[in-house]
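What follows is a single structure, written as structure tokens, with notes after it.
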Amino acid sequence: MNDEPTRAPVDGLTPLRAMRRRLVAACCAMLFALPGIAAAEPSPHRGGVLPFAVDAEPPNYDCHANFSFVLMHVVAPHYSTLLKFDTANYPQLIGDLAESWNVSPDRRSYTFKLRPNVLFHDGSKLTAADVKASYERIVHPPEGVLSVRQADYSAITSIDTPDPLTVVFHLQWPDAAMLANFASPWNCIYSAAKLAEDPTFPKTHILGTGPFVFVEHVKGDHWTGKRWDKYFLPGKPYLDGYRAEFINQTAAAKAMPTGRIMAQFRSFTPAERDEMLETAGNHLEVRESPWTSYVALVFNAKQPPFDDVRVRRALSLAIDRWHGAEELAGTTFLKYVGGVMRPGSTMATPEAELVTLPGFSRDIAASRAEA
42 MNDEPTRAPV DGLTPLRAMR RRLVAACCAM LFALPGIAAA EPSPHRGGVL PFAVDAEPPN
102 YDCHANFSFV LMHVVAPHYS TLLKFDTANY PQLIGDLAES WNVSPDRRSY TFKLRPNVLF
162 HDGSKLTAAD VKASYERIVH PPEGVLSVRQ ADYSAITSID TPDPLTVVFH LQWPDAAMLA
222 NFASPWNCIY SAAKLAEDPT FPKTHILGTG PFVFVEHVKG DHWTGKRWDK YFLPGKPYLD
282 GYRAEFINQT AAAKAMPTGR IMAQFRSFTP AERDEMLETA GNHLEVRESP WTSYVALVFN
342 AKQPPFDDVR VRRALSLAID RWHGAEELAG TTFLKYVGGV MRPGSTMATP EAELVTLPGF
402 SRDIAASRAE A
């Protein structure tokens with residue numbers, strides 16, 4: 042998932058993929074402290090509490106109202122969604138609350154069959170009414186409720202619940218992104234009963250059907266969750282619980298080699314990464330995956346010289362994206378050059394096609410001559 046919105050090209054000038062000094066952009070590195078050598082176990086062990094670092098704190102608890110990665114790290118383990126992305130085979134989709142689903146031939150109707158015997162953490166049983174109430178809150182937020190991804194579901198015209206374990210979404214037009222949208226980790230399913238009592242309930246309370254029950258949030262210090270023993274997936278979760286510590290990146294870098302913090306899901310700079318690996322040796326494992334960010338060059342196209350499209354095109358041609366990525370790779374995690382979509386993603390422009398676009402040629406001399 043992208044933490045930040047993708048911006049469209051400005052008069053043909055695609056935003057330059059880059060990285061802010063302390064944040065992951067084209068490549069996200071995740072560090073995990075390991076009790077022994079960094080080798081994969083043949084099967085997971087049950088038990089233990091995972092302590093990890095988060096360098097900020099959620100402003101509230103409402104999944105539907107937030108963009109920040111912070112909320113996902115601490116709140117998402119308490120909730121379930123209809124679908125989810127298969128982390129082992131991204132971007133394939135698998136069911137979470139949905140046991141099965143069907144899309145009509147005209148792609149304007151999505152039918153989900155829910156798992157039976159799913160319980161909220163207060164013991165109440167989840168039904169199709171909870172899914173309907175949660176999505177109606179996203180699509181048509183009541184007064185006082187913020188739905189930051191409302192536009193992503195504008196095609197939905199109605200939601201039916203023909204029986205307690207069936208939900209049907211009706212669309213006014215086909216939407217190619219809809220199945221992926223149903224897998225968004227932000228679409229936490231809330232209790233319809235609680236929403237009926239107070240539509241803002243999720244902003245200040247946690248009540249989900251996810252693998253971990255909320256224990257406490259000590260502002261400025263930590264967030265904890267414990268295993269939900271009645272979770273709908275047998276034998277899971279493996280962990281007894283988790284503890285998120287709200288500490289800055291410098292403190293996290295010091296805590297990782299000691300084992301006080303076992304994971305940091307955001308990023309460290311290459312220098313910080315290398316220093317920790319040198320200190321901790323094979324007790325740390327680094328995993329990297331593509332990420333998306335941007336640095337946008339935005340012009341006032343009503344004022345000269347940028348009112349001339351030829352000037353804007355020339356500036357784009359003059360930017361050496363490929364060499365820039367190579368140079369920045371030593372101090373940041375920028376490794377890739379891409380268009381609007383994340384390199385390697387299903388809708389990304391293939392590199393063979395990308396290099397034919399103005400400003401993306403590897404022959405910078407030729408591009409600048411053209412400029």
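Each residue of the sequence shown is one higher than the one before, counting from 42 in my numbering.
By construction, the Cβ of each residue, glycine as well, lies at the ideal position given by its N, Cα and C atoms.
Other residues of its chain near Thr241: CB distance less than 7 angstroms, five sequence neighbours each side excluded
Taking the first residue of the sequence shown as 1, we reach residue 241 at position 200. Taking C-beta separations shorter than 7 angstroms and ignoring five residues to either side along the sequence, the partners of Thr241 in its chain run Gly185 and Val186, following chain order.
Cβ neighbour criterion (16 or more within 10 Å) applied to Glu313:
For this step, residue 313 is matched to residue 272 along the sequence shown. Classification of Glu313: buried, given that the 10 Å Cβ count is 16 or more.
Contacting residues, own chain, Cβ-Cβ under 7 angstroms from Thr291 (five flanking each side not counted)
Here the question's residue 291 lines up with position 250 in the sequence shown. The same chain holds no residue with a CB closer than 7 angstroms to that of Thr291 once the five nearest residues on each side in sequence are set aside.
Taking 6 angstroms as the limit between beta carbons, can you name the residues of its chain near Ser199, skipping five residues before and five after?
The sequence position of residue 199 within the sequence shown is 158, counting from 1. Apart from the 5 residues on each side of it in sequence, Ser199 sits with its Cβ closer than 6 angstroms to the Cβ of His211 in its chain, given in chain order.
Hey, is the region 173-180 in contact with the region 158-165, meaning 3+ C-beta pairs nearer than 8 angstroms?
The region 173-180, when compared against the region 158-165, does not touch it at the 8 angstroms Cβ threshold.
Taking only runs that begin and end inside the region 310-372, name each unbroken alpha helix (DSSP H) of 4 or more residues, in chain order.
Counting only runs of 4 or more, we get 311-321, 350-359 and 362-369.
Taking DSSP as the reference, what is the three-state secondary structure of Ser84?
Along the sequence shown, read from residue 1 onward, the residue named residue 84 stands at position 43. Reduced to three states, the DSSP call for Ser84 is coil.
Can you tell which of Ser225, Pro278 and Glu326 has the C-alpha that lies nearest to the C-alpha of Gly89?
Position 48 of the sequence shown, counted from the first residue, corresponds to residue 89. Residue nearest to Gly89 within the set Ser225, Pro278 and Glu326 is Pro278 (criterion: CA-CA distance).
Buried versus exposed call for Ile135 [16 or more other C-beta atoms within 10 Å across all chains shown]:
What you label residue 135 is simply residue 94 of the sequence shown in a count that begins at 1. Exposed, because fewer than 16 other Cβ atoms sit within 10 Å of the Cβ of Ile135.
So, does the region 282-291 touch the region 140-158, judging by three or more C-beta pairs under 8 angstroms?
Cβ pair count under 8 angstroms is below three, so no.
With a threshold of 16 other CB atoms inside 10 Å of the CB of Gln305, please say whether the residue is buried or exposed.
Within the sequence shown, the letter at position 264 stands for residue 305. Classified as buried, Gln305 has 16 or more neighbouring CB atoms from the shown chains inside 10 Å of its CB.
Under 8 angstroms, with one C-beta from each stretch per pair, do the region 245-263 and the region 190-198 reach the 3-pair mark?
Cβ pair count under 8 angstroms is below three, so no.
Are the beta-carbon atoms of Ser121 and Asp137 separated by less than 7 angstroms?
Within the sequence shown, residue 121 is the residue found at index 80, counting from 1. Within the sequence shown, residue 137 is the residue found at index 96, counting from 1. Result yes, Cβ atoms of Ser121 and Asp137 sit closer than 7 angstroms.
Reduced DSSP category for His114 - H, G, I as helix; E, B as strand; rest coil
Position 73 of the sequence shown holds residue 114. Note: His114 maps to helix in three-state DSSP.
I need the boundaries of the beta strand (DSSP E) containing Asn143, first residue and last residue.
Locating residue 143 in the sequence shown gives position 102, where the first residue counts as 1. Ala139 to Val144 is the extent of the beta strand (DSSP E) around Asn143.
Within the chosen definition, does the region 118-132 reach the region 293-304 through at least 3 CB pairs nearer than 8 angstroms?
Touching, no.
Restricting to Cα atoms, I'd like to know which of Lys376, His114 and Pro215 is closest to Pro146.
Here the question's residue 146 lines up with position 105 in the sequence shown. Cα-wise, what sits closest to Pro146 is Pro215.
State the CB to CB distance for the pair Pro345 and Pro252, rounded to an integer number of angstroms; the pair is presumed to be in contact (CB under 8 angstroms).
Against the sequence shown, residue 345 aligns to sequence position 304. Against the sequence shown, residue 252 aligns to sequence position 211. Taking a contact as a CB-CB distance under 8 angstroms, the pair Pro345 and Pro252 does not count as one, their CB atoms being some 59 angstroms apart.
What distance in whole Å lies between the Cβ atoms of Asn107 and Thr245, which are believed to be in contact at a cut-off of 8 angstroms?
The sequence position of residue 245 within the sequence shown is 204, counting from 1. The sequence position of residue 107 within the sequence shown is 66, counting from 1. No, Thr245 and Asn107 are not in contact; Cβ-Cβ is about 13 angstroms, not under 8 angstroms.
Burial state of Gly380 (16 or more Cβ within 10 Å):
Taking the first residue of the sequence shown as 1, we reach residue 380 at position 339. Under this definition Gly380 is a buried residue.
Going by DSSP, name the residue or residues bridged to Thr207.
Counting from 1 along the sequence shown, the entry for residue 207 is found at position 166. Thr207 is bridged by DSSP to Lys154 and Asp204.
Within 7 angstroms, strictly: CB atoms of Leu248 and Ser232
Here residue 248 corresponds to residue number 207 of the sequence shown, with the count starting at 1. Here residue 232 corresponds to residue number 191 of the sequence shown, with the count starting at 1. Leu248 is a Cβ neighbour of Ser232, given a cutoff of 7 angstroms.
Strand pairing of Tyr283, partner residues [DSSP]:
As a working note, residue 283 is residue 242 in the sequence shown. According to DSSP, Tyr283 bridges with Leu91 and Gly266.
Does DSSP put Leu220 in a helix, a strand or coil?
Within the sequence shown, numbered from 1, the residue matching residue 220 stands at position 179. Looking at Leu220 - three-state DSSP - the assignment turns out to be helix.
Who does Glu257 pair with in a DSSP beta bridge?
Sequence index remark: in the sequence shown, residue 257 carries index 216 (1-based). Residue pairing for Glu257: DSSP places it in a beta bridge opposite Thr265.
In chain order, what residues of the same chain lie with their CB nearer than 7 angstroms to the CB of Ser416, ignoring the 5 residues before and after it?
Since the first residue of the chain shown is 42 and the last is 412, residue 416 is not available in this structure.
Tell me whether Leu212 sits in a helix, a strand or coil according to DSSP, three-state version.
Within the sequence shown, residue 212 is the residue found at index 171, counting from 1. Of the three classes helix, strand and coil, the one that applies to Leu212 here is strand, per DSSP.
How would you write the range of the alpha helix (DSSP H) that Ile405 sits in, first residue to last?
The count along the sequence shown starts at 1 and reaches residue 405 at position 364. The continuous alpha helix (DSSP H) containing Ile405 extends over residues Ile405 to Glu411.
Cβ-Cβ distance between Asp193 and Asn222 below 7 angstroms
As a first step, residue 193 is located in the sequence shown; it is residue number 152 there, counting from the start. As a first step, residue 222 is located in the sequence shown; it is residue number 181 there, counting from the start. Cβ distance < 7 angstroms, so Asp193 and Asn222 count as in contact.
Cβ-based burial, Ala81 [other Cβ within 10 Å; buried from 16]:
Counted from its first residue, the sequence shown places residue 81 at position 40. Since pLDDT at Ala81 reaches only 43, below the 50 mark, its modelled position is unreliable, and the value read off the structure follows with that caveat. It is exposed - the Cβ of Ala81 has fewer than 16 other Cβ atoms within 10 Å.
Between the CA atoms of Val254 and Trp227 - distance to the nearest angstrom:
Taking the first residue of the sequence shown as position 1, residue 227 is located at position 186. Taking the first residue of the sequence shown as position 1, residue 254 is located at position 213. In this structure, the straight-line span from the alpha carbon of Trp227 to that of Val254 is close to 18 angstroms.
I need the DSSP call for Phe242, collapsed to helix, strand or coil.
Counting from 1 along the sequence shown, the entry for residue 242 is found at position 201. Correct three-state label for Phe242: helix.
Reference Leu220, options Gly365, Val144 and Gly300, closest by Cα:
The residue given as residue 220 occupies position 179 in the sequence shown. Minimum Cα distance to Leu220 is reached at Val144.
By DSSP, does Gln305 sit in helix, in strand, or in coil?
By one-based count along the sequence shown, residue 305 stands at place 264. DSSP places Gln305 in strand when its eight states are reduced to three.
Cα separation between Thr390 and Leu398?
The residue labelled residue 390 in the question sits at position 349 within the sequence shown. The residue labelled residue 398 in the question sits at position 357 within the sequence shown. Approximately 10 angstroms between the Cα atoms of the pair.
So Ile230 and Asp281 are supposed to be a Cβ contact under 8 angstroms. How far apart are they, rounded?
Here the question's residue 230 lines up with position 189 in the sequence shown. Here the question's residue 281 lines up with position 240 in the sequence shown. Not really, about 24 angstroms apart at Cβ, beyond 8 angstroms.
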